[in-house]
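Under my numbering, the first residue of the sequence shown is numbered 536, with each subsequent residue one higher.
Each residue gets a CB set at the ideal place from its N, CA and C atoms; glycine is no exception.
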Amino acid sequence: MEIAKELFGKIDGTDVFLFTLVNKSGMQLQVTNYGGIVTSIKVPDKNGKFDDIVLGYDSLKGYLIETPYFGAIVGRCANRISYGKFTLDGKDYTLSLNEGPHHLHGGTVGFDKKIWQATPMTDDSSSSLKLQYTSPDGEEGYPGNLDVTVVYTLTNDNKFQIEYTAKTDKATPINLTHHTYFNLAGTSGRNILDHIIQINADRYCSTNPDLTPTGEILNVEGTNMDFRTPLPIGARIGMVRGGYDHNYILNTKGQFGKAAELYDEKSGRVIEVFTTEPGMQFYSGNFLDGSIVGEYGLVYQKNYGLCLETQRFPDAINQPNFPDNILRPGETYKQLTIYKFGVR
Ligand code: BGC
Numbered sequence: 536m537e538i539a540k541e542l543f544g545k546i547d548g549t550d551v552f553l554f555t556l557v558n559k560s561g562m563q564l565q566v567t568n569y570g571g572i573v574t575s576i577k578v579p580d581k582n583g584k585f586d587d588i589v590l591g592y593d594s595l596k597g598y599l600i601e602t603p604y605f606g607a608i609v610g611r612c613a614n615r616i617s618y619g620k621f622t623l624d625g626k627d628y629t630l631s632l633n634e635g636p637h638h639l640h641g642g643t644v645g646f647d648k649k650i651w652q653a654t655p656m657t658d659d660s661s662s663s664l665k666l667q668y669t670s671p672d673g674e675e676g677y678p679g680n681l682d683v684t685v686v687y688t689l690t691n692d693n694k695f696q697i698e699y700t701a702k703t704d705k706a707t708p709i710n711l712t713h714h715t716y717f718n719l720a721g722t723s724g725r726n727i728l729d730h731i732i733q734i735n736a737d738r739y740c741s742t743n744p745d746l747t748p749t750g751e752i753l754n755v756e757g758t759n760m761d762f763r764t765p766l767p768i769g770a771r772i773g774m775v776r777g778g779y780d781h782n783y784i785l786n787t788k789g790q791f792g793k794a795a796e797l798y799d800e801k802s803g804r805v806i807e808v809f810t811t812e813p814g815m816q817f818y819s820g821n822f823l824d825g826s827i828v829g830e831y832g833l834v835y836q837k838n839y840g841l842c843l844e845t846q847r848f849p850d851a852i853n854q855p856n857f858p859d860n861i862l863r864p865g866e867t868y869k870q871l872t873i874y875k876f877g878v879r
């Protein structure tokens, strides 16, 4: 398998590239080393018709002007850190605040806005793009130089695999994720409310109106949050304040296993999500509001795409109830997440 590389644009004189990975059955993944952004994923529907099932732009410029983290690697800590503050080993830290009084998705210039060093790697059964970035000590307020490697792999059996590793020289919170917005209807213009989702989670993290966690862990049983049995996203979304934007606590408990399945009946397209992570943020694209016109001239209205962000629990560094998300010198952070595409 081969990887094509073309110039995508320049940022402050530095070249940014677009890489195209294609597998034996024609599935195509495009990635730029700016933010590790997945700009397109083309998969067939049940009639064999290929279409792009992710939200984004056709040029680098779009991503530089405005993006709600389309397709990006998110870090150093995904989701919110309340008031951008935490105490670690007796020391107080203040992070950059980029969502009102809170810190969101790694801050003002998070990993989604960095130029990553990219190395294509291919063999007979897969093609991969290795992305590396070193986040310096103090960046966005975080302690320690953090070396991060993310390897995106496209396999011949239609899996998009993401392997993350990181090492630090000072204790730091860490929570990496991937922020692709999926719409299995492709470029048809249909939103995701009739997509059927199943999430393998008995519990979720409750949130305040500003979407920071309250620290409480609630059961999905008997609530509009329960997706243990497959249901259309739109069935009960109107009864959930703001729409779905919650960390589901996966029943796999941090062991590699199936987190979720997303199915669009009309196109027949399916995504199965597997991960080593203990949580998954199900975000139903609630803040899309029609102000962004993306690739193919599509207007991204509310609920036009959804994210399935495998992760550690948001704000874990401040929540005594949540499992710890601290990486210490000598340890290696590891995560494996697979999005497997198919039709039914
Ligand atoms: C969060 C949303 C946030 C969005 C940014 C998601 O991961 O859960 O609350 O608004 O990212 O586009």
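- For Y598, the first and last residue of its enclosing beta strand (DSSP E): Taken as a continuous stretch (DSSP letters only), Y598 belongs to no beta strand (DSSP E), being part of the alpha helix (DSSP H) at 595–600.
- Leaving aside the five residues before and after R863 along the sequence, list all residues of the same chain whose C-beta is less than 6 Å from its C-beta, in chain order. A706
- Query: If you drop the 5 nearest sequence neighbours on each side, which residues of the same chain put their C-beta closer than 7 Å to that of L632?
  - Reply: G619, H638
- Mark A653 as exposed unless 16 or more other C-beta atoms lie within 10 angstroms of its C-beta, in which case mark it buried. buried
- Among residues of its own chain, excluding the 5 on either side of K887, which ones have a beta-carbon nearer than 8 Å to its beta-carbon? Residue coverage of the chain in this structure runs from 536 to 879, which leaves residue 887 outside it and unanswerable.
- Thinking just about the alpha-carbon of each residue, which of I806, G673, A701 is nearest to the one in G865? A701
- Go ahead and pull the three-state DSSP assignment for A613. coil
- Task: Look at the alpha carbon of I873 and the alpha carbon of Y699, and state the distance between them as a whole number of angstroms.
- Result: 12 Å
- In angstroms with no decimal places, state the Cα-to-Cα distance between I588 and P678. 37 Å
- Along the chain, which unbroken stretches of the beta strand (DSSP E) at least 3 residues long are found entirely within the segment 815–868? 842–846
- Message: Closer than 7 Å to a non-hydrogen atom of the ligand BGC - does that hold for the CB of P603?
- Response: yes
- Touching or not, the segment 583–602 and the segment 679–687, by the rule of three or more beta carbon pairs under 8 Å? no
- Task: Report buried or exposed for F822, applying the criterion of at least 16 other Cβ atoms within 10 angstroms of its Cβ.
- Result: exposed
- Query: So what's F646 in DSSP terms, helix, strand or just coil?
  - Reply: helix
- Query: Which partner residues of M656 appear in the DSSP bridge assignment?
  - Reply: S663
- Following the continuous beta strand (DSSP E) through V755, name the residue where it begins and the one where it ends. V755 -> no beta strand (DSSP E), and no H or E assigned at all.
- Message: Let me check understanding here. Comparing Cα to Cα, which of F876, R847, Q854, Y818 lies closest to R611?
- Response: R847
- Buried or exposed (CB count within 10 angstroms, at least 16 for buried), A887: Residue coverage of the chain in this structure runs from 536 to 879, which leaves residue 887 outside it and unanswerable.
- Just grab the DSSP bridge partners of S575 for me. Q565
- Exposed unless 16 or more other CB atoms sit within 10 angstroms - verdict on V811: Checking the sequence, you will find Thr at residue 811 rather than Val. Buried is the call here.
- Drop a sphere of 10 angstroms on the beta-carbon of P708, count the other beta-carbons inside from all chains shown, and report buried for 16 or more, exposed for fewer. buried
- Message: Let me check one thing: in DSSP terms, what residues is Q870 bridge-paired to?
- Response: Y699
- I546 CB to nearest chain D CB: under 8 Å? Given the protein chain composition of this structure (a single chain), no chain D is represented.
- Message: Would you say the beta carbon of C842 is closer than 7 Å to some non-hydrogen atom of the ligand BGC?
- Response: yes
- Leaving aside the five residues before and after T747 along the sequence, list all residues of the same chain whose C-beta is less than 8 Å from its C-beta, in chain order. R615, S617, H637, P849, D850
- Query: In the DSSP assignment, what residue or residues form a beta bridge with T742?
  - Reply: P748
- Message: Would I785 and L689 qualify as a contact pair, given that the criterion is a beta-carbon distance under 8 Å?
- Response: It should be noted that the sequence gives Leu, not Ile, for residue 785. No, these two residues do not count as a Cβ contact at 8 Å.
- Task: With K584 as the anchor, note down where its beta strand (DSSP E) starts and where it stops.
- Result: First-last for K584: undefined, no H or E at that position.
- What's the call for T703, buried or exposed, on a 16-neighbour Cβ count within 10 Å? buried
- Query: For A720 versus D799, is the C-beta spacing smaller than 8 Å?
  - Reply: yes
- Query: What's the C-alpha gap between Q790 and G777?
  - Reply: 31 Å
- Message: Using C-beta distances below 6 Å, list every residue in its chain close to F621, excluding the 5 sequence neighbours before and after it, in chain order.
- Response: Y628, I852, N853
- Might you give, ordered along the chain, the residues of its own chain that have their beta carbon closer than 6 Å to the beta carbon of F554, omitting 5 neighbours on each side? I538, K540, V566, L664
- Examine the ligand BGC and report whether any of its heavy atoms sits within less than 7 Å of the Cβ of H714. yes
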